[in-house]
Each structure stands twice: as structure tokens, then as C-alpha cells.
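In order, the protein sequences belong to chains D and G.
Heads up, the first sequence is in this note's numbering, so the first residue is 2 and it goes up one at a time.
Heads up, the second sequence is in this note's numbering, so the first residue is 773 and it goes up one at a time.
Beta carbons are placed, not taken as given, at the ideal position from N, Cα and C, and that holds for glycine.
These notes concern the structure reproduced below.
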Amino acid sequence: MSALELAGKALQAAEGDEALALVQSERSGMARFAGSEVHQPTLIENETVELQVVREGRLGIASGNRTDDDGLRALAARAVEAAENAPPDPDFAGLAPPAEPARVEGYDSDAAALGAEDQARLAATAIDASKLDLYGFVTSGVTGIAIASTTGLAVEQTMTDVAALALAAVDGASGYAERTGWRLEDVDPAAAAVEANEKAALTRGAVELEPGSYPAVLEAPAFAELLAYFSYDAFGALGLIEERSYAFDKLGQPVFDERFSLADDALDPRGLPKAFDFEGVPRQRVELVQEGVLRGVLWDRTSAKRAGGGQQTTGHAPPSSLRHWGPLPIALSVAGGEADSPEQLAELIGDGIYVTRLHYLSIVDPREGIVTGMTRDGTFRIRGGKIAEPLVNLRFTVSVPQLLAELPGLTREPVLINQNAYYDERYPTGLLSPAVATARFDVTGVGSGPGT
Amino acid sequence: MAAALGAGASYADARVVVRRSQVVGTRNGRVERLDDQETEGIGVRVLVGGAWGFACDRRLDNEGAEAAARKAAAFAKAAPGGHSRELAALEPARGEFNTPFERDPLSVSVAEKVDLCLRAEEALAREDVKVTSASVRAQREHKVFVSSDGATAEHQLVECGGGIDAMAARDGIAQIRSYPSAHGGSSSQAGWEYVESLGLEREAPRVGEQAAQLLRAEPCPSVVTTVVIDDEQMALQVHESVGHPTELDRVYGTEAAYAGTSFVKPGDLGSLRYGSEHMNITADSTTPGGLGTFGFDDEGVPAGREPIVREGILSGFLTSRETAARIGSGSGGSMRADSWSRMPLVRMTNLHLEPGEGSLDELIAGVDDGVFLQTNKSWSIDDKRLNFQFGTQIAWEIKDGKLGRMLRDATYTGQTPVFWGSLDAVGGRDQWQLHGLTNCGKGQPGQHAHVSHGASPARFRNVQVGFKP
């Protein structure tokens, strides 16, 4: 039975109520390795059904993974019970009408065919290519999402994703690289391992750095993670409506460097394409920042209705379990610049620091866009435009708007950075980001050295 | 078990988990979340030729169990690396554990939960408070564990919790206050009586008022000073700077690529000075109401109580049977998986800062010039758990042993053993509170652990507070 057929069957179990059924399926494998051996190989196969029942403006939601007739009847009973107990919601925009999402790429039969032995074999290619102990994973998955509703909505998508993460590390040295894509041919685990080894070899003998404000080059994984944390609050409509996000009262203003343009574009085949959101609404490309001017934020049907004034959804509804976050970016895309490489960015700033990857970020102040975290697995001093001595991991506490206010350069070709930590149901997301040079990166402390 | 052993496993275990969880959340007077989730399945872990394999199946029948076992064995056989693993010896578990409770939180109607949230929210409302929110959660889990060693353990676990938040904004400043904890409130392994005991509606006026007052408060200055930290933030301090670094899988590097490793090394056991003599940390999977309380862990190891830091000296690790055998000490007892579809990992159970003596007022009275920090707002710590920076929702200056003006945007930072070395007092047992959090992330694929921490307020000298770029 297809996911869409199962969604239709779940609707029937709702027995005449206004309802929406969302089916998510996953078949995945992850060969996770540490010390150059696979130590946590995990195979997952699951299918869940979420049923949303509407009674007189009251919405009840229930989900489960029992998909036989008894399971769906019990699911419907729980959703109905929830709806009957819920007060009417004046902001409920009703179930989405029928839609014809754009046809997107994002499915590769070669990736879909990968099984446990293949994932183990790909992990072996990375391990064999590494001179240092290797830590990380190779994973691939086939995920499906289908939504059907009594309004006549019926949409379905099957996606593949493949990712390899490589941390080459020993005591006192570590380097990091990753590869992500929806096509098998785009992910070379051995190449990631080699890159991680090359980076690690440069990190021995790391020294401390005096806290202060430095120009910096952030490689794509570092910039992508920082931007993602900033964007959860800054570019969602709920934060705007509630006056707690950086974007509040700044729409239309030139707030960043004119070299910086940012969109959320789930339709881009260079990313991990998505045709529709969790309300079944077709996803749209949204220009968030154009040449430094803050242009827009992301909307779903609920936030759009609450805002009024004819605001429309942009197709960014989150899963119901994340509804308290409001609409979320899932496919951020930063426009490339003119530099050929991160090394060329180092030449642009002359003197500063070079950051490969970040660790454990936290939002200190969403209104001002202040984020703290650590660097890791490849932090260096830049002197005379060249990468110089390695540095220990640095504590940074940055105002992201200040960091984006002056960007001397960006690399030409954005690369896809994995944004999925594989919690809960698999829903592959990534961020297209170049490496950037910034005039200001605030170092506020020093931490441990590189390596294990 | 038969299918796993037939496929070449020298050891195998299986967990059947059936879980129902419910979240009711309201925001600005409307229902924002009303989720009711059920999930069930079986996860099978095997050891073949010294290599682990794990697979799962949502079918709770022989076909599903056998398929999971065969797939797990096939994955283990294909796994590259020079595998050699031993497990600490263990008497096969046989027993059951049921959460004691008075009122099943899942039997409480959704209407009652919505009403509680809306009443609490109403009491939060103040001028300048732009967002009021309240949530409650309930969960019931039935888990059966068997192993090829002959272990059989059955659990019926019930937990619930709740919390409230008020977000105020004006003139470009946004501030938040929460109760009883930030990030979704606090939970306990208990019945609905726990949620009722939190007094969400009772505490809401204070929470709303403080959120509004913070808009007019001065920013916390940047200074090295004495800090008194409340029990809620201390719970997180224990979690991040003691719990994670003493997970023995991290110490051995198996989390290096994601969560990180540890500044603590295996040879540090019994000798590393982790903190001052006032520092006593205990791992206790028997704590009543703890989210990490059970009869047996997910390897069938019986629950127990073990010192991790005693009078400032590292005295234990959080272990699995594999890591315990590797270090030659202990027998595991900290292996937990967040669902049937995930492999167990070394996780915190309940990790406590043992109480000292005296009240919060007495801790503050011992400070001439300092800051009192309350309720977590932001948190970050490096991959070896050495450099940390935490922010709190609210702070007060301390002058001459008394609380002074309110401060906003407070942060404090330090290096783990230096910071704990500056601990000079821990509040007494009557100040000791148990906080349950449900968002501890670790592993790939990711897993959320539910853990509890008991702590009293504590006082630290010479701490850097108040950085802002």
C-alpha cells in the first residue's frame, strides 16, 4: 500500500469528520564508526500516521505506527477525543485546499537501493582512506511523506538522502569534513575522510588566542550552523508577530552587507528538495535577504491568518510536534560570492582566524541575534593572508547581525551542509552555504585543544 | 533470541516498547499543541564476532522480531573494523518495576489539561508581556527486555510534567521568565499529582511580573565576582559539566564525531580533583520521581546508587557493560535507549549534587559583592566539556549579604574543574529540588534522554559573569 493510500485509509477511519492524514515512512541505515571501526550500526524501518480531526473549529491531533484497521480506528478515536476536548481556535485557518505542488527532484534509485551491507561498505571506504583514527558515519535513507484530507488534498513525495561525516582525530589533532546529497554519486565518504585527515595534520601544536574581536574566515559547515541557529528565530513569522525576533521592525531595511543574500528554497535541486510543507501546501522560494536588505520571513497558514492583512502562507508549516516554533526554514540558501576558495578569503582579510566547524551553539539573545558556541576540529590563525598556526577551540559569543554587517567576501560555489541530526522521524534537510569572510568574529574565551 | 543466536550472535538482547505520550500546550490564550502520540516496536541488538548490530521492526509478532534479529546480525557481520568486545559479568536480571502514582496522567482529560494551562496563562498576563504560554505532558511506557543471558525485565513507567513562560518585549528588548524550569518546564516519574504540586497558576503572577520588570533592569555587568546559583541552573550545571564528561563512552571517544569526548581520562578515576571538598555528585537510578529511575537499565543491569565525585575527587563513571569491562571497574547500569528504534547508549540516569548545609539566604549572606543567578536561558560547552558559558533568565546583584537590584542578560563562564574548584558552599537538604528534563540529546541517529538532577543552590567564588559583545 502506498503512503497516500494509507493516508486515505486513515481518513476513512475518521468516519465523516473533517480530517487530514499525514503519513511519514522511513527505511534507513547508519554505519556509525569510532576509532576506525563501526560501533553503532543502526537499521530503522517505520511508518507513522498522524490524523488531524476538526469538529466545529476544534482541532485534535493523534499519531501512531499501528496501521492495520484496528490501529487506525484507535488512532481516529484518540484524535476525535482530543478535538472534542479542545476549545475552538480562532486562529485555525482550516485544512489546506487541494494543491498541485511543483515537481521536484530529490529521489535517486541508486541511493534508495542501498542496504546495510552497502552502508557498511561505504563506511569501510572512508575508514580505509584515513591514516588517523576515523569517527563519524555513513548513512542513507528513503523517506516518504503523504498528506490527504477531506478537502481533496492529496500530495505525496518520496526522497532519498545520503551523508558521510568524517572526523579524523588522535590526541592533539583533529580535522573534519562532510558530504551530503540526495544522489549516491554526490557523496564520496573516502574523499571526506581524506579531507579530514589533511585538515587534522595541520592542527598539531595548537596554541591559545587572546579573546577579542577578529576578522575571520568561516568554512561552509561553520557558517551554515551559525546561520541556521540565527534563522530559527530571525526568519520565522511567529517571532515577528510576537516581537521577539531580530526581524521585528527591520523588514525592508538594509541591515547586512550588500554581498549577503539569503533565501529559503526547498525546490532547489542542489539541496534536499521538498515539494510541500506539513500542511500539504506547496513550498515556495522566499527571499529573506537581498543584497543586505531584510526582505521577508517564512509563513504557514496559521501564522498568516493571525497576521491578517492578506498575508499568505509561503509553505513553511512545521510538523505538528514543532508547532510552538512556528514556521521554520528548512532549505536556507546563501548566494555565492566571487572568491574561488576559503584560502582566497584568508588573503582578503590578511590577519584573523580561520574556523572549520562549530560546536554546541546556543542563542543568548534572540532579539539581538546573539549566539554563543565553540569552534572545533580545525581552528587556525591567519597571518599575512595565509593559514598559519593552529589554535585551540575558541569560545565565541557573536552578534550575528554584526558578523553579517561586513563580509569582505564569499566563495563562489555554495555547498550542501547536512542539517539533520536524525532525531525522531527522518526528514532530511540541508543548507546551501559558501565559506565567508567576516570583519568581526568575537572570541570570548579558550577551550580544549583539538583531537580526542 | 533464537533468530539472533541462529544468525551467529554470541550475545543478543531485545526490547519491546509500547509508548503513549501526550502534550497539551497553550499560547496567548489559544491551544497551540494537542498531540497524542503512540508508538510501538521491537529493537534487537546483537554481538557477532565482537561487532554490534542493531535493527528494529514495528511489528510486534514473531515475524517482526525475527526479521529485526536477522537484519541486526547481517549488519554486524558487514561492519568494518577489528572488533573485540567483552561485557562485564552480570547475574541475569529477573524482575519488574512499576512507577508508583496516585492519578494516571493519561486518564486526566484533555479538557482539564487545557483548562489548567489557560488558567495559568491568564495569571501570567501583564503590561508588556507579549507571549504567555503553558504546557503539560504525560507519558506511559510499557517495556519488556530479554537477553540471551536469560534476563527478563518488565517496566511500566509513567511520567508527566509542565511549565509556564512569559515573554515581555519593549523598546527593542525582549526578556523571558519561566517556571519551574526553562525549556518546557520540569517533569517527574510520577502521577498527575506531580503537575498539581507545581502550582503553575499560583506561581504565574510572579513569573509574569518578573518578565515585565526585566525590561527595566540593568544589564549584568562584566566582572569577576562571587555567584550564588539557584537549584534549577545548578541542575543544568551538573548535567553539562559533570554528567556528560563522566559518560565512559565519551571518555573512550565513541561520541567524538557528534557530542564530543571528555577532558576526563580513564586513568583519572580516584585521583582527578574535579572540584572543591564541597562537591559530592551521585548517580542514582533509584531516586523516587526521577526520570532516570528504573528497575533495570536497557542492558538488564539492576538500578543502583554510585558516587561519581566524592569530596571533589572523581570516584566513578557512568558505564555500560562494555565500557565497565574495558575499564575493569563496575558493571554498567547507565544504558538507555529513547525508543524501540534506537540502540542503547551510556546516558545519565539521575545525577545529583548532594546537599550541604544552610539556606539560600545564608549562602547570600556570605557574599559582600556578587550576583545571584536564577533559571537557565542559554547553554553551551565545548566538545571535551571544559569551557562552558551559561546564561540565566534573571539575576540580582548581591551587596553586603543582601539581594539588590534586578539584572538582565546575565551570563557566566568558566573551565569545568576550575569552576567546581571555586565551589565554597552548597545549600542544605531542605533547599534540594529534583528537576526533570526531557531534551538531553546524544547519539547518531539522535536520541532524547529523560533525566533528573537534584540540586540545592550553591556558591562559587571568582567567576566571570556578564559578557556581551
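Contacts with chain G at 7 Å (Cβ-Cβ) include D/Asp90. Secondary structure note for G/Leu890: its alpha helix (DSSP H) is the uninterrupted segment 882-896.
Sequence-distant Cβ neighbours of G/Gln928 in its own chain, meaning closer than 6 Å and more than five residues away, are Asn870, His914. Remark: fewer than three beta-carbon pairs, one from each stretch, lie closer than 8 Å, so the segment 175-187 of chain D and the segment 44-60 of chain D are not flagged as touching. In this structure, G/Glu931 and G/Ala962 form a Cβ contact; the two beta carbons are roughly 7 Å apart against a cut-off of 8 Å.
For G/Trp1151, at least one C-beta of chain D is nearer than 7 Å to its own C-beta. The residue among G/Ala946, G/Trp1112, G/Gly815, G/Ser1057 with its C-alpha nearest the C-alpha of G/Leu1090 is G/Ser1057. The shortest C-alpha to C-alpha distance from D/Ala422 to any of G/His1207, G/Gly1176, G/Gln1219, G/Trp1192 is the one to G/Gln1219.
Nearest CB-CB separation between D/Glu118 and chain G: below the 7 Å threshold. A direct Cα-Cα distance of roughly 13 Å separates G/Ser1013 from D/Gly448. When C-beta atoms of the segment 128-142 of chain D are compared with those of the segment 985-996 of chain G, fewer than three pairs fall below 8 Å, so the two segments do not count as touching.
With respect to the 7 Å criterion, G/Val1010 and G/His1225 are classified as neighbours on the basis of their beta carbons. Scanning G/Gly1173, G/Leu1063, G/Ile1136 for the CA closest to the CA of G/Leu1123 turns up G/Leu1063. Scanning G/Ala865, G/Pro952, G/Met1115, G/Glu884 for the CA closest to the CA of D/Ala83 turns up G/Glu884.
Beta-bridge annotation (DSSP): D/Glu186 is not paired with any residue.
A direct Cα-Cα distance of roughly 14 Å separates G/Ser958 from G/Ala1227. With respect to the 7 Å criterion, D/Leu273 and D/Asp443 are not classified as neighbours on the basis of their beta carbons. Look at D/His360 here: in three-state DSSP terms it is strand. Of the residues D/Thr445, D/Asp172, D/Ile331, D/Gln53, the one whose Cα lies closest to the Cα of D/Gly213 is D/Thr445. Taking C-beta atoms under 8 Å as the contact rule, D/Pro98 and D/Ala440 fail to qualify, at a distance of about 48 Å. Residue burial is scored here from C-beta neighbours: D/Val156 has at least 16 other C-beta atoms within 10 angstroms and is therefore classed as buried. By the criterion of a C-beta distance shorter than 6 Å, D/Leu219 is surrounded in its chain by Val356, Val437, once the five residues flanking it on both sides are discounted.
Distances from the alpha-carbon of D/Thr314 to those of D/Ala32, D/Ala11, D/Leu96 put D/Leu96 closest. Every beta strand (DSSP E) stretch that sits fully inside the segment 257-291 of chain D and reaches 3 residues is listed by chain position as 263-265, 287-291. Rounded to the nearest whole angstrom, the CA to CA distance from G/Glu965 to G/Arg1233 is 39 Å. Assigned with DSSP and collapsed to three states, G/Phe847 falls in helix.
For the pair G/Gly1067 and G/Ala923, the CB atoms are not nearer than the 7 Å cut-off. A residue is called buried when at least 16 other Cβ atoms come within 10 angstroms of its Cβ; G/Arg799 meets this threshold and is buried. DSSP places G/Asp808 in the strand class (E or B) of the three-state scheme.
Within chain D, the residues whose beta carbon sits less than 9 Å from that of G/Trp824 are Val39, His40, Gln41, Pro42, listed in sequence order. Within the same chain, Cβ atoms closer than 6 Å to the Cβ of G/Pro1074 are found at Phe1068, the five residues on either side in sequence being excluded. Residue burial is scored here from C-beta neighbours: D/Met2 has fewer than 16 other C-beta atoms within 10 angstroms and is therefore classed as exposed. Chain G has a Cβ within less than 7 Å of the Cβ of D/Tyr423. Between D/Ser64 and G/Gln982 a beta carbon distance of about 36 Å is seen, past the 8 Å cut, so the two are scored as non-contacting. Against chain D, a Cβ distance below 8 Å from G/Asp829 picks out Glu46. When the Cα atoms are used, G/Arg1077 and G/Ser1113 turn out to be separated by approximately 28 Å.
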